[in-house]
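In what follows, a single structure is set out as structure tokens and then discussed.
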Amino acid sequence: MAIAMKVEQRTGATKGDLRKLRMSGQVPGVVYGKKLQNAAQVTVSEKELSALLRSHPNAILDLDVPAAGKHSVMVSDVQRDSLTGKLLHVDFHQINMNEAVKANVRIEAVGDSAGVREGGILSLILHELEVQCLPGDIPEIVEVDVSELEIGGSLTVEDLKLPQSVEAKSDPQLVVVTVLAPQKELSEEEAEAQEVELHEAESRSEEAKHAEIATST
Numbered sequence: 005m006a007i008a009m010k011v012e013q014r015t016g017a018t019k020g021d022l023r024k025l026r027m028s029g030q031v032p033g034v035v036y037g038k039k040l041q042n043a044a045q046v047t048v049s050e051k052e053l054s055a056l057l058r059s060h061p062n063a064i065l066d067l068d069v070p071a072a073g074k075h076s077v078m079v080s081d082v083q084r085d086s087l088t089g090k091l092l093h094v095d096f097h098q099i100n101m102n103e104a105v106k107a108n109v110r111i112e113a114v115g116d117s118a119g120v121r122e123g124g125i126l127s128l129i130l131h132e133l134e135v136q137c138l139p140g141d142i143p144e145i146v147e148v149d150v151s152e153l154e155i156g157g158s159l160t161v162e163d164l165k166l167p168q169s170v171e172a173k174s175d176p177q178l179v180v181v182t183v184l185a186p187q188k189e190l191s192e193e194e195a196e197a198q199e200v201e202l203h204e205a206e207s208r209s210e211e212a213k214h215a216e217i218a219t220s221t
């Protein structure tokens, strides 16, 4: 079900205009889409947008675009201040409910890991999964069942169980979650080796994420 969100037309485009908008609690944005003759310059409430991004970042929105009518859209990009995290700009993209889209979905570990019961440490390495599916099929979260995961074990993207209508686009070999041995039981060499292994897994996840971003731009 689409969520209604109110936007208003934006006219000012100078840095001063944008600064005033942000100080008044508004976030400047742009609405793109095949059915829009021109990209629409809009503003949206920062409070409303922040709440949406916290609870339903991949929600289908029902936007009444000024001078263009109502359209189904999704948030396609958000810019934040690197220091404060304050919302600076948002892009909305008009969608066709019958055409597949890509989205990043939060990963959540579920279950009581066998390895954790033995004293291991559960480490979620990949926090988001890129998926492709129809807009109405985008899951709120992707659950990874760690119940059978023992110390030293790990699960990769290809181990995830997704709905039949949802396709994972992230590298299938990326490590999603692993169970590390308790530090107190490791020798100095083993602890160092484990730290290197974890760092390498995280690096592969970051490299894949950057590669996906580069490919999609």
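Going by the numbering used here, the first residue of the sequence shown is number 5, and it counts up by one from there. The beta-carbon is built from N, C-alpha and C at its ideal position, and this holds for glycine as well.
| query | result |
| --- | --- |
| Would VAL148 and VAL180 qualify as a contact pair, given that the criterion is a beta-carbon distance under 8 Å? | yes |
| Relative to the alpha-carbon of ALA55, which residue among ALA118, LEU91, ASP85 and ALA44 has its alpha-carbon at the smallest distance? | LEU91 |
| Does DSSP put THR219 in a helix, in a strand, or in coil? | A caution first: THR219 carries a pLDDT of 41, below 50, which makes its placement in the model unreliable, though a value can still be read off. Three-state DSSP puts THR219 in a helix. |
| Taking all protein chains shown into account, do 16 or more other C-beta atoms lie within 10 angstroms of the C-beta of SER151, making it buried, or fewer, making it exposed? | exposed |
| Assess contact between the stretch 29-38 and the stretch 88-102, defined as three or more Cβ pairs (one per stretch) separated by less than 8 Å. Is contact present? | yes |
| So if DSSP puts ILE129 in a beta bridge, which residue, or which two residues, is it bridged to? | Per DSSP, none; premise fails for ILE129. |
| DSSP has ASN108 in a bridge; who is on the other side? | GLU134 |
| Thinking just about the alpha-carbon of each residue, which of ALA63, ALA72 and LEU128 is nearest to the one in VAL79? | ALA63 |
| With a threshold of 6 Å on Cβ separation, who are the neighbours of ASP68 within its own chain once the five nearest residues in sequence on each side are excluded? | LYS74 |
| Tell me whether ASP116 sits in a helix, a strand or coil according to DSSP, three-state version. | coil |
| Could you give the C-beta distance for VAL94 and VAL82, rounded to a whole number, given that I count them as a contact under 8 Å? | 5 Å |
| Among GLU144, LYS106 and ASP66, which one has its Cα closest to the Cα of ILE7? | ASP66 |
| With distances taken Cα to Cα, identify the nearest neighbour of GLN177 among LEU133, GLY140 and VAL146. | LEU133 |
| Below 8 Å CB to CB, which residues in the same chain sit around ASP141 once its five sequence neighbours on both sides are set aside? | PRO167, SER169 and VAL170 |
| So which of THR160, LEU128 and GLU144 has the shortest CA-CA distance to ARG58? | GLU144 |
| On the three-state DSSP scale, how would you describe LYS74? | strand |
| Taking the alpha-carbon of GLY115 as reference, which of ARG14, LEU138, LEU153 and CYS137 has the nearest alpha-carbon? | LEU153 |
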